[in-house]
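S.K.: Attaching a single structure in structure tokens format; questions to follow.
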Amino acid sequence: MTETYKPEWVPEKDDDKFACRVMCGVKGGHEGMPGNNIDHSRKSAPVIKRNKLTVDDYVEGIIKGDRMTLSRAITLIESNAAAHFYIAQQVIQRLLPYTGKATRVGITGVPGAGKSTFIEALGNKLCTEGHRVAVLAVDPSSTVTKGSILGDKTRMETLSRQKNAFIRPSPSGGTLGGLTRKSRETLLLCEAAGYDTILVETVGVGQSETTVRSMVDFFLYMVITGAGDELQGMKKGVMELADAVLINKADGDNKRRAMVTRAEYARILQFLRPATEKWETRAYTCSSVTGTGISELWNDVIMKFISQGHENGILGKRRKHQTLSWVYSMVEEHLHNLFYRSPSVLACKEQIEIDVVEGKLPPTIAVQKLISEYAKTEVADYIKDTSPFAIK
Amino acid sequence: MEEKIKFLKEVRDIVDKFAEREGRRPRIMLANFGFAENDHAITETATALADMGFDIDMEPWGRDYIDVVQDALDNDVHVIAVNSLKGEYDVLLVKLLEELASYDREDIMLAVSGQIVAHNVKDMYGRGASAVLVNNGYVDFAKEILSELEIILF
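From first to last, the protein sequence lines are chains A and B.
Residue numbers are given in the working numbering: position 386 of the first sequence equals residue 386, and the series is strictly consecutive.
Residue numbers are given in the working numbering: position 144 of the second sequence equals residue 144, and the series is strictly consecutive.
This is how it looks when you write it as structure tokens:
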């Protein structure tokens, strides 16, 4: 017999006048009704520890072109943990001789310009021609919760089924500039694994996210129709760095508008200095859905640019400059790590933070304090653990 | 409401601690085996988990288990979460486990995040799922995933 009780609305003195009783419900977990008393203890899923790879495993696997090792190596490179940093640098150092042979194309544009769909169309074309294509797609991380939703692969359905294509979505991890902190290293790993065309897709960007320029040969800027007048394009920023401006979605009703936009951009581009010497930046139209204009863009524009660049040595020069900028971006990152992992900074950071929040300490003084604390540290003491570049 | 915010903050703290040790956020792939391309339930799950600090990989709709495992390996995710309105979880879980085993990557965890009937939960655990989303309890789901990952990874 299940327990019953009088409902709470029954007046106490008239208790016997009401015959109504409430029956206790079943405590969840019965048929069709999810409850909260489900037994989570009886799991039979295999608990298998993740195996650890050594530097040799990574290097050999990548040179062999093993996708799984490549993907795990990218994880290693992108890792923020200090323990992974050292192995990651060793892996890159040993793989550097195998890099540099691929065509690197950077693709950027406003959100919704059709970057992923364009890559799907272009990548499929290249794969059927026998190329091996690696796509690095970056999506933004939340600045509030640090989580992210990576949806680029949903636009690349057929490309991700291709045997010759490797697509790696990555969260931007709070880095500004449209890429992840380690996009360049990821690109090098893909080259070492034998991919001959690397397409780097940035997050949907605004006007000044141009980090990708410093790691690719050809820089493609995708725009949409009806996005402002000539002045928008004349502003300094991403436009003056592009090697080609592409208006996607030139199909159906939008075709006429795409042609008009192309003409507008062509007019602006006359006034801009080309991003690459001896190369004229132009505006093109294409349609990723119907496929018109894509093979023309690849063969007549990008391939022409690459062969011309190799002939007159401009590409070689560009890559050397890019290596130099890589050096400085690594220096910046290293300094960042040194500061935030410095024991004396860590020791006084909390107190300074509290003082600033409570208004006892002006922010400018706080900065001075932190920097002077940092300057006191003996760098040599802790550099051994955090730095792969430490002198042994 | 305040209680909910407290729970959320608790999970975020666990995720942050995890991210510090692992070097990246817990990464979970939502695989949609259902009927509809834009399944509202998946959007909800993705948003809820991303709000707790997970990295979410959205898998294209209409893939079979072979493609899903290949994508999971390419993206190097921690967890594959299975979504299906068809209720074919028992088969899917077994097939996914087999496929993962053929790559020798059984350390990638399986979870069920679609709608399921309560009396099936035990069955899901029996067939290889390590975490099951019950009654839209995203916080419990996230905690279950994290505690399981703790065992597998560290």
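Glycine included, every Cβ here is placed at the ideal spot set by N, Cα and C.
These numbers were taken from a predicted model, which means no experiment stands behind them.
(1) Taking Cβ positions, are TYR221(A) and GLY109(A) nearer each other than 9 Å?
(2) What do you get for THR4(A), buried or exposed, if any count of 16 or more other CB atoms within 10 angstroms of its CB means buried?
(3) Would you mind sorting ALA83(A) into buried or exposed? The rule is 16 or more other CB atoms within 10 Å of its CB.
(4) Can you list, in chain order, the residues of its chain with a C-beta nearer than 7 Å to that of ARG67(A)? Leave out the 5 residues immediately preceding and following it.
(5) Would you list the residues sitting across from PHE218(A) in a DSSP beta bridge?
(6) Run down chain A in chain order and give the residues with a C-beta less than 7 Å from the C-beta of ALA81(B).
(7) Tell me, which residues are paired with ASP57(B) by DSSP?
(8) Where GLY62(B) and PHE33(B) are concerned, what is the direct C-alpha to C-alpha distance, given to the nearest angstrom?
(9) Report yes if the CB atom of PHE118(A) is closer than 9 Å to the CB atom of SER342(A), and no otherwise.
(10) Below 8 Å CB to CB, which residues in the same chain sit around LEU93(B) once its five sequence neighbours on both sides are set aside?
(11) Spatial neighbours of ILE63(A) within its chain, please: C-beta separation below 7 Å, excluding the five flanking residues on both sides.
(12) Could you tell me the distance, in whole angstroms, from the CA atom of LYS13(A) to the CA atom of LYS6(A)?
(13) Determine the direct distance from the alpha carbon of PRO171(A) to that of ALA48(B), and round the result to whole angstroms.
(14) Go to ARG273(A), then tell me how far its beta strand (DSSP E) extends in each direction, as first and last residue.
(15) In terms of alpha-carbon separation, which member of GLN90(A), MET156(A), ASP196(A) lies closest to GLY114(A)?
(16) When the cut-off is 9 Å and only beta carbons count, does LEU150(A) lie next to chain B?
(17) Indicate the three-state DSSP secondary structure (helix, strand or coil) for MET156(A) in the structure shown.
(18) By a C-beta neighbour count over all protein chains shown, 10 Å radius and 16 as the cutoff for buried, is HIS336(A) buried or exposed?
(19) In whole angstroms, give me the CA-to-CA distance for THR175(A) and ARG21(B).
(20) From the beta carbon of GLU350(A), is the nearest beta carbon of chain B less than 9 Å away?
(21) Per DSSP, what kind of secondary structure is VAL11(B) in: helix, strand or coil?
(22) Using C-beta distances below 6 Å, list every residue in its chain close to PHE18(A), excluding the 5 sequence neighbours before and after it, in chain order.
(23) When you compare only the Cα positions, how much space is there between TRP393(A) and LYS125(A)?
(24) Could you check whether the Cβ of VAL47(A) sits closer than 9 Å to any Cβ belonging to chain B?
(25) Do PRO60(B) and LEU146(B) have their C-beta atoms within less than 9 Å of each other?
(26) State buried or exposed for PRO363(A), treating a residue as buried only when at least 16 other CB atoms are found within 10 Å of its CB.
(27) Taking GLY53(B) as the query, report the chain A residues whose CB atoms sit under 7 Å from its CB, ordered along the chain.
(28) Starting from the Cα of VAL59(A), find the closest Cα among GLN322(A), ARG94(A), LEU297(A), GLY359(A) and give me that residue.
(29) Using the rule of at least 16 other Cβ atoms within 10 Å of the residue's Cβ for burial, across every protein chain shown, is ALA283(A) buried or exposed?
M.R.: Result, derived from the coordinates:
(1) yes
(2) exposed
(3) exposed
(4) Answer for ARG67(A): PHE166, listed in chain order.
(5) VAL105(A)
(6) Ordered by position in chain A, no residue passes the 7 Å Cβ test against ALA81(B), which lies about 13 Å from the chain.
(7) DSSP lists LEU150(A), MET29(B) as partners of ASP57(B).
(8) Counting only the Cα atoms, PHE33(B) lies some 6 Å from GLY62(B).
(9) no
(10) VAL82, LEU110, VAL112, MET124, ARG127, GLY128, ALA129
(11) Within the same chain, TYR98, ALA192 come within 7 Å of ILE63(A) by CB-CB distance, once the 5 residues on both sides are set aside.
(12) 13 Å
(13) 17 Å
(14) From DSSP, ARG273(A) is part of no beta strand (DSSP E); its letter is neither H nor E.
(15) MET156(A)
(16) yes
(17) coil
(18) exposed
(19) Just so you know, the alpha carbons of THR175(A) and ARG21(B) end up roughly 20 Å apart.
(20) Chain B contact via Cβ: absent.
(21) helix
(22) So the list reads VAL10, once near-sequence residues are dropped.
(23) The structure shown does not extend to residue 393(A), since chain A is modelled only from 1 through 392, so no value can be given for it.
(24) yes
(25) Cβ distance not < 9 Å, so PRO60(B) and LEU146(B) don't count as in contact.
(26) exposed
(27) Within chain A, the residues whose beta carbon sits less than 7 Å from that of GLY53(B) are THR145, LYS146, GLY147, listed in sequence order.
(28) Just measuring C-alpha positions, the residue of GLN322(A), ARG94(A), LEU297(A), GLY359(A) sitting nearest VAL59(A) is ARG94(A).
(29) buried
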